[in-house]
Amino acid sequence: MPDRIKKEQEALKVKSFYHFLMRYRQPGDKAEIARFANEAYTDHAFPKQSTDYHEISSYLEMNGHYINNMSTFDQAWDLYLQHEQA
3 MPDRIKKEQE ALKVKSFYHF LMRYRQPGDK AEIARFANEA YTDHAFPKQS TDYHEISSYL
63 EMNGHYINNM STFDQAWDLY LQHEQA
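Take any residue in the sequence shown, note its place counting from 1, add 2, and you have its number in the working numbering.
Structure (C-alpha coordinates):
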(Lines of atoms letter the chains of each structure in order from A and count residues from 1; the text may use other names and numbers.)
(Lines give C-alpha, C1' and ligand atoms only; values in the text may rest on other atoms or scores of the structure.)
Protein backbone atom coordinates (compact mmCIF):
# COMPACT_ATOMS: atom_id res chain seq x y z
CA MET A 1 0.00 0.00 0.00
CA PRO A 2 1.47 3.41 -0.92
CA ASP A 3 2.58 5.56 2.03
CA ARG A 4 0.20 8.36 1.05
CA ILE A 5 -2.86 6.11 1.32
CA LYS A 6 -1.63 4.62 4.59
CA LYS A 7 -1.18 8.11 6.09
CA GLU A 8 -4.64 9.15 4.92
CA GLN A 9 -6.19 6.07 6.53
CA GLU A 10 -4.34 6.73 9.79
CA ALA A 11 -5.52 10.35 9.74
CA LEU A 12 -9.12 9.18 9.43
CA LYS A 13 -8.77 7.29 12.72
CA VAL A 14 -7.82 10.46 14.64
CA LYS A 15 -10.84 12.30 15.96
CA SER A 16 -10.75 16.03 16.43
CA PHE A 17 -10.14 17.39 19.91
CA TYR A 18 -13.65 18.85 19.92
CA HIS A 19 -15.16 15.45 19.12
CA PHE A 20 -13.18 13.91 21.99
CA LEU A 21 -14.11 16.75 24.37
CA MET A 22 -17.81 16.19 23.79
CA ARG A 23 -17.63 12.90 25.71
CA TYR A 24 -17.25 15.07 28.85
CA ARG A 25 -20.28 17.24 28.10
CA GLN A 26 -22.77 16.95 30.96
CA PRO A 27 -25.30 19.76 31.44
CA GLY A 28 -25.16 20.97 35.02
CA ASP A 29 -21.86 19.22 35.82
CA LYS A 30 -19.52 21.47 37.80
CA ALA A 31 -16.27 19.61 37.02
CA GLU A 32 -13.84 21.86 35.14
CA ILE A 33 -13.52 19.64 32.06
CA ALA A 34 -17.30 19.21 31.90
CA ARG A 35 -17.80 22.98 32.12
CA PHE A 36 -15.19 23.44 29.38
CA ALA A 37 -16.96 20.86 27.18
CA ASN A 38 -20.36 22.45 27.78
CA GLU A 39 -19.07 25.91 26.85
CA ALA A 40 -17.13 24.67 23.81
CA TYR A 41 -20.36 23.06 22.62
CA THR A 42 -22.10 26.45 22.57
CA ASP A 43 -19.10 28.23 21.00
CA HIS A 44 -19.96 28.22 17.30
CA ALA A 45 -16.50 29.48 16.33
CA PHE A 46 -14.57 26.77 18.22
CA PRO A 47 -12.15 24.98 15.82
CA LYS A 48 -14.21 21.80 15.74
CA GLN A 49 -12.14 19.92 13.15
CA SER A 50 -8.74 20.69 14.64
CA THR A 51 -6.30 18.16 16.01
CA ASP A 52 -3.60 20.82 16.51
CA TYR A 53 -2.70 21.86 20.07
CA HIS A 54 -1.36 25.27 19.06
CA GLU A 55 -4.38 26.17 16.95
CA ILE A 56 -6.82 25.32 19.72
CA SER A 57 -4.68 26.86 22.47
CA SER A 58 -4.33 30.13 20.54
CA TYR A 59 -8.05 30.19 19.85
CA LEU A 60 -8.86 29.72 23.54
CA GLU A 61 -6.35 32.36 24.64
CA MET A 62 -7.99 34.89 22.32
CA ASN A 63 -11.64 33.79 22.46
CA GLY A 64 -12.10 31.34 25.30
CA HIS A 65 -13.57 33.73 27.84
CA TYR A 66 -15.42 30.76 29.30
CA ILE A 67 -12.29 28.82 30.28
CA ASN A 68 -11.06 30.05 33.65
CA ASN A 69 -7.67 28.41 33.51
CA MET A 70 -5.70 27.08 30.55
CA SER A 71 -4.58 24.17 32.73
CA THR A 72 -8.11 22.79 32.19
CA PHE A 73 -7.40 22.73 28.46
CA ASP A 74 -4.00 21.13 29.09
CA GLN A 75 -5.60 18.39 31.21
CA ALA A 76 -8.22 17.75 28.53
CA TRP A 77 -5.49 17.71 25.86
CA ASP A 78 -3.48 15.12 27.82
CA LEU A 79 -6.58 12.92 28.07
CA TYR A 80 -7.13 13.38 24.33
CA LEU A 81 -3.57 12.26 23.54
CA GLN A 82 -3.89 9.23 25.81
CA HIS A 83 -7.16 8.28 24.13
CA GLU A 84 -5.79 8.68 20.60
CA GLN A 85 -2.69 6.62 21.40
CA ALA A 86 -4.72 3.76 22.86
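Yeah, the Cβ is synthetic: ideal placement off N, Cα and C, and Gly gets one too.
Counting along the chain, where does the alpha helix (DSSP H) carrying residue i start and finish?
i, result
"residue 28", "Unbroken run through residue 28: none, as it is neither H nor E."
"residue 43", "34–44"
"residue 78", "72–87"
Given a cut-off of 9 Å on the beta-carbon distance, is the pair residue i and residue j in contact?
i, j, result
"residue 53", "residue 75", "no"
"residue 25", "residue 31", "no"
"residue 49", "residue 61", "yes"
Report the residue from the options whose alpha carbon sits nearest the alpha carbon of residue i.
i, options, result
"residue 40", "27, 67, 22, 21", "27"
"residue 29", "43, 22, 21, 16", "43"
Is residue i helix, strand or coil when you go by DSSP?
i, result
"residue 56", "helix"
"residue 68", "coil"
So is residue i buried or exposed if we call it buried at 16+ other beta carbons inside 10 Å?
i, result
"residue 78", "buried"
"residue 23", "buried"
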